[in-house]
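A short worksheet on the structure shown next.
2 protein chains.
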Amino acid sequence: MVRVAAHSSVYLAVSDPTRRAILDELRRGERAAGELMTRVIPRAGQMTQPAFSQHLGVLKRAGLVRSRKSGRRRVYAVEPEPMRELAEWVGQWDVFWTEKLDNLGRYLDEQHGSPDTPASGASRALRKPRGKSNQSPQEGS
Amino acid sequence: MVRVAAHSSVYLAVSDPTRRAILDELRRGERAAGELMTRVIPRAGQMTQPAFSQHLGVLKRAGLVRSRKSGRRRVYAVEPEPMRELAEWVGQWDVFWTEKLDNLGRYLDEQHGSPDTPASGASRALRKPRGKSNQSPQEGS
DNA sequence: TCAATATATCATCAATCGCTTATATATCAA
DNA sequence: TTGATATATAAGCGATTGATGATATATTGA
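Top to bottom, those sequences are chains U and W.
Heads up: the first sequence is residues -17 to 123, going by this note's numbering.
Heads up: the second sequence is residues -17 to 123, going by this note's numbering.
What follows is the structure, encoded as structure tokens:
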């Protein structure tokens, strides 16, 4: 109902593969819109120019790119700051691909540790399957 | 038109704040659906039970959670593997929050240089700088 | 058996997304 | 000025999303 301004969410901005490709290309350096388009959408007919321009608009509203005029071109560049929020959130998952902590997690699984134990019940996802633990979390309601 | 199977994209799965909150909670340990709901949506009336259950379904189809039955509960746990794709993509932005490379980038900005230079044109976003002069938000029209 | 509990699924709806075509706005070049 | 080039904006459309209320399916306990 209320719905926050999805318009400016970096999560939404990067949820589209075309926009990720744009950012991938822009990370290598500034690009004019047209050049960007021929690199990101190499095969003509895959997408129209307005569609591509609108993707640039989404990235701009998300604060992930800036642009400046240069003659009749519009030159885009990445603006990495808003990406930090996403990077920090994703960083919280790093424990799962850290061998050391993965072993810790597996240990805790073995113990059927408290449901409040960080990473418990998850590490098995990385190692393959084993028996089933039968631990049910207590639930107030 | 063709549209890839957005259904199973981890990018789309994490683009919703409720689903991120679910994952945040599940990272701390297994949770039954109801318990998860009262923790993620503490204030009643914010969201109905079916809505919440559908969010769980999205996460499940994205492979980010698994569930098992335990009596009449359904106990959920994170399945971190699909998150790796996102983590790796986001990891490509790490250069921007590395002091050393940031300085490199700023130098390249100064040069205003080759559009092929990695990270060029971006680093200024991290240093806070003068005034508010981003770029004119109303251009064109 | 029956009612309560826990959860998923169904049908529907408004909002949003990504796309298209058509058009507008600058800028360059002759 | 005129036309070509580069890019953005507008309007409309079908698909998808996230929500809802109603209902279905198990499971537990009296």
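No residue lacks a Cβ here, since even glycine has one placed at the ideal position from N, Cα and C.
Under the rule that 16 or more other beta-carbon atoms within 10 Å means buried, what is Ala33(U), buried or exposed?
As a first step, residue 33(U) is located in the first sequence; it is residue number 51 there, counting from the start. Exposed, by the Cβ-count rule.
Using DSSP's beta-bridge definition, name the partner residues of Arg9(U).
Translated into positions along the first sequence, residue 9(U) becomes position 27. Partner(s): none; Arg9(U) has no beta bridge.
Nearest CA to the CA of Val60(U): which residue from Glu70(U), Gly45(U) and Gln31(U)?
Counted from its first residue, the first sequence places residue 60(U) at position 78. Cα-wise, what sits closest to Val60(U) is Gly45(U).
For Ser(-3)(W), count the other beta carbons within 10 Å of its own beta carbon; 16 or more makes it buried, fewer makes it exposed. Which is it?
Here residue -3(W) corresponds to residue number 15 of the second sequence, with the count starting at 1. Buried.
So, is the C-beta of Met65(U) closer than 8 Å to a C-beta in chain W?
On the first sequence, residue 65(U) is found 83 positions in, with the first residue counted as 1. Chain W contact via Cβ: present.
Could you say if the segment 14 to 22 of chain U and the segment 63 to 75 of chain U meet the contact criterion of at least three C-beta pairs nearer than 8 Å?
No: the two stretches stay apart, fewer than three of their Cβ pairs being nearer than 8 Å.
Compare the beta carbon distance of Ala14(U) and Val47(U) with 8 Å and say whether it is the shorter of the two.
Taking the first sequence and counting its residues from 1, the one referred to as residue 14(U) is at position 32. Taking the first sequence and counting its residues from 1, the one referred to as residue 47(U) is at position 65. No, Cβ-Cβ distance for Ala14(U) and Val47(U) is not below 8 Å.
Is it right to say Ser(-9)(U) is buried, meaning 16 or more other beta carbons lie within 10 angstroms of its own, or is it exposed?
Position 9 of the first sequence holds residue -9(U). Burial call: buried.
Helix, strand or coil, according to DSSP, for Arg25(U) in the structure here?
Position 43 of the first sequence, counting from 1, holds the residue named residue 25(U). In the structure shown, Arg25(U) sits in coil (DSSP, three-state: anything other than H, G, I, E or B).
Measure how close the beta-carbons of Trp75(W) and Ala3(U) come, nearest whole angstrom, since I'm counting them as under 8 Å.
As a working mapping, residue 75(W) is identified with position 93 in the second sequence. As a working mapping, residue 3(U) is identified with position 21 in the first sequence. Their Cβ separation, rounded to whole angstroms, is 15 Å, which puts Trp75(W) and Ala3(U) out of contact at 8 Å.
Rounded to a whole number of angstroms, what is the C-alpha to C-alpha distance between Glu12(U) and Gln28(W)?
Here residue 12(U) refers to the residue found at position 30 of the first sequence. Here residue 28(W) refers to the residue found at position 46 of the second sequence. Straight-line Cα distance between these residues: approximately 43 Å.
I'd like to confirm the pairing. Which residues does DSSP put opposite Tyr(-7)(W) in its beta bridges?
Along the second sequence, read from residue 1 onward, the residue named residue -7(W) stands at position 11. According to DSSP, Tyr(-7)(W) bridges with nothing at all.
Report the residue from Arg50(U), Gly16(U), Lys51(U) and Ala(-5)(U) whose alpha carbon sits nearest the alpha carbon of Thr30(U).
Mapped onto the first sequence, residue 30(U) falls at position 48. Of the listed residues, the one whose Cα sits closest to Thr30(U) is Gly16(U).
So which of Arg10(W), Leu(-6)(W) and Ser35(W) has the shortest CA-CA distance to Val77(U)?
Numbered from its first residue, the first sequence carries residue 77(U) at position 95. Of the listed residues, the one whose Cα sits closest to Val77(U) is Arg10(W).
Report yes or no: is there a C-beta of chain U within less than 8 Å of the C-beta of Thr0(W)?
Indexing the second sequence from 1 puts residue 0(W) at position 18. No - not a single Cβ of chain U is within 8 Å of the one on Thr0(W).
Would you list the residues sitting across from Val47(U) in a DSSP beta bridge?
For this step, residue 47(U) is matched to residue 65 along the first sequence. DSSP lists Val60(U) as partners of Val47(U).
On a Cα-Cα basis, can you pick out the residue from Gln36(W), Lys51(W), Leu41(W) and Thr80(W) that is closest to Asp124(W)?
With chain W represented from -17 up to 123, any question about residue 124(W) goes unanswered, as that position is not in the structure.
Any Cβ of chain W within less than 8 Å of the Cβ of Phe34(U)?
To locate residue 34(U), count along the first sequence from 1; it is residue 52. No, because no Cβ of chain W sits closer than 8 Å to the Cβ of Phe34(U).
Which residues in the same chain have their Cβ closer than 6 Å to the Cβ of Arg55(U), if we skip the five residues on either side of it in sequence?
To locate residue 55(U), count along the first sequence from 1; it is residue 73. Excluding residues within five positions, the ones whose Cβ falls inside 6 Å are Ala14.
At a CB distance below 9 Å, what residues from the segment 0 to 15 of chain U approach chain W? Give them in sequence order.
Result list: Arg2, Leu5, Asp6, Leu8, Arg9, Arg10, Gly11, Glu12, Arg13 and Ala14.
Determine the direct distance from the alpha carbon of Thr0(U) to that of Arg50(W), and round the result to whole angstroms.
Here the question's residue 50(W) lines up with position 68 in the second sequence. Here the question's residue 0(U) lines up with position 18 in the first sequence. Going by the C-alpha atoms only, they are around 36 Å apart.
Say whether chain W places a C-beta atom closer than 8 Å to the C-beta of Val(-4)(U).
Residue -4(U) sits at position 14 when you count from the first residue of the first sequence. Taking Cβ atoms only, chain W reaches closer than 8 Å to Val(-4)(U), which makes this a yes.
When you compare the CB of Pro24(W) with every CB in chain U, is at least one pair closer than 8 Å?
Numbered from 1 along the second sequence, position 42 holds the residue referred to as residue 24(W). Chain U contact via Cβ: absent.
So Gln31(W) contacts chain U; which residues on that side make the cut at Cβ distance below 9 Å?
Within the second sequence, numbered from 1, the residue matching residue 31(W) stands at position 49. Result: empty, since nearest Cβ-Cβ is about 12 Å, beyond 9 Å.
What is the DSSP secondary structure of Arg54(U), counted as helix, strand or coil?
By one-based count along the first sequence, residue 54(U) stands at place 72. In this structure, Arg54(U) counts as coil in the three-state DSSP scheme.
So, with DSSP's three-state summary, where would you put Ser96(U)?
Residue numbering aside, residue 96(U) sits at position 114 when the first sequence is read from its first letter. Reliability of the predicted coordinates at Ser96(U) is poor, the pLDDT of 45 falling under 50, and the value obtained from them is presented with this limitation in mind. Coil at Ser96(U), not helix or strand.
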